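This report concerns only the one structure given below.
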Amino acid sequence: MKNLENKYIKLANECADVSGKIIKKYFRKNIKIRFKADNTPVTTADKEAEEKIRDLILKKAPECGFFGEETGEFNLNNEYVWVVDPIDGTKSFMGGSPLFGTLMGLMKNNTPYLGVLNQPILKERWIGIANKETKYNNMKVRTKKAKKLKGLKMYATSPMMFAGKSQKVYRSVRSKIGETHFGTNCYAHGLLASGFIDVVLEANLKPYDYIASVAIISGAGGRFTDWKGNNLNLKSDGKILASGDPTIHKKLLKVIQKVK
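Written out as structure tokens, the structure reads:
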């Protein structure tokens, strides 16, 4: 088992290295952008980075399935499945902001097992083994403990993702905590794992937006679930709560579940 774990960590690092070079090549350059059916942008960098990651996985781990934001999916019923977002935060990338990251999660039997968050511009990388260990640039990190809700640092990608009941949930949680910061995308997940922030609340994520981060945050001692407290997998509804302190996580779930 340890040999297999090391194999996948080595592969994930290699994928992060090669995709990072592609992303750096295009960063703050005039590149081609198109919009997908859901009106979200995709760039040449997104496509090339994921294609390289996919090719490496096919070559070096053919026993694994794959679920990518840009290149599709195959063998999702395999024991191990890679879930990849080449640039989580494409709008930030397009605007020249380094608040984005490459997410690569490995699932074992539809459960998050290993996660990598790579930020190639800032040369930052988090690697997590679910519920076991997380490292930031090869140094172990832990989430931050907290005693009360008021004053916690909470992040979300955008206020526009909260609508209807989701907006009521957001307002209720914010009323208990205070200020919310926006626009950091998956980079906030790394900050949470490293103990700099306390909570991440999101309303409509896709599997490639959170699978890697589950392993990273849980490996650092935090909790990452849906709004009902269920563990996350490929079929989760995208409403997620991540907390550095498990006790705080339970309190926030109670706040969420009181919203009608």
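Throughout the sequence shown, residue numbering follows the working numbering, covering -8 to 251 in sequence. Note that beta-carbon positions come from the ideal geometry of N, C-alpha and C, so glycine has one too. All figures in this text were calculated on a predicted structure; none of them were measured in a lab.
Own chain, CB closer than 8 Å to residue i, minus 5 neighbours either side, in chain order
{"i": "Lys15", "result": "Pro111 and Ile112"}
{"i": "Ile239", "result": "Ala137, Leu140, Leu143, Asp189 and Val190"}
{"i": "Phe91", "result": "Ile78, Asp79, Gly80, Thr81, Ser83, Phe84, Gln110, Asn176, Cys177 and Tyr178"}
{"i": "Leu47", "result": "Leu2, Glu5, Cys6 and Val9"}
Outcome for residue i when other beta-carbon atoms lying within 10 angstroms are tallied against a minimum of 16
{"i": "Pro198", "result": "buried"}
{"i": "Lys182", "result": "Sequence inspection shows Leu at residue 182; the Lys mentioned does not correspond to that position. By the neighbour-count rule (16 or more Cβ atoms within 10 Å), Leu182 is buried."}
{"i": "Ala147", "result": "buried"}
{"i": "Leu49", "result": "exposed"}
{"i": "Ser149", "result": "exposed"}
{"i": "Ile24", "result": "exposed"}
Alpha-carbon to alpha-carbon, residue j and residue i
{"i": "Ser256", "j": "Val246", "result": "Any property of residue 256 remains undetermined from this structure, which presents the chain solely from -8 to 251."}
{"i": "Asn222", "j": "Lys99", "result": "13 Å"}
{"i": "Thr252", "j": "Leu94", "result": "Absent from the structure is residue 252, since the part of the chain shown begins at -8 and ends at 251."}
{"i": "Asn122", "j": "Leu108", "result": "16 Å"}
{"i": "Leu(-5)", "j": "Val250", "result": "43 Å"}
{"i": "Lys226", "j": "Pro32", "result": "24 Å"}
{"i": "Arg116", "j": "Asn(-3)", "result": "17 Å"}
{"i": "Val160", "j": "Tyr17", "result": "38 Å"}
{"i": "Asn30", "j": "Arg19", "result": "22 Å"}
{"i": "Leu244", "j": "Gly220", "result": "7 Å"}
{"i": "Gly186", "j": "Ile44", "result": "29 Å"}
Nearest residue (CA-CA) to residue i, options the options
{"i": "Met270", "options": "Thr134, Gly174 and Lys139", "result": "Beyond the ends of the chain as shown, which are -8 and 251, falls residue 270; an answer cannot be given."}
{"i": "Thr102", "options": "Asn30, Val74 and Leu90", "result": "Val74"}
{"i": "Pro53", "options": "Asp189, Gly169, Gly59 and Asn66", "result": "Asn66"}
is_contact[residue i, chain B] using C-beta, thresh 8 Å
{"i": "Asn101", "result": "Absence of chain B from the displayed structure is noted, only one protein chain being present."}
7 Å CB neighbourhood of residue i in its chain, flanking five on each side removed
{"i": "Ile22", "result": "Thr34, Thr35 and Ala36"}
When you compare the stretch 25 to 39 with the stretch 116 to 136, are there three or more beta-carbon pairs, one atom per stretch, that lie closer than 8 Å? Because the criterion of three Cβ pairs below 8 Å is not met, the stretch 25 to 39 and the stretch 116 to 136 do not touch.
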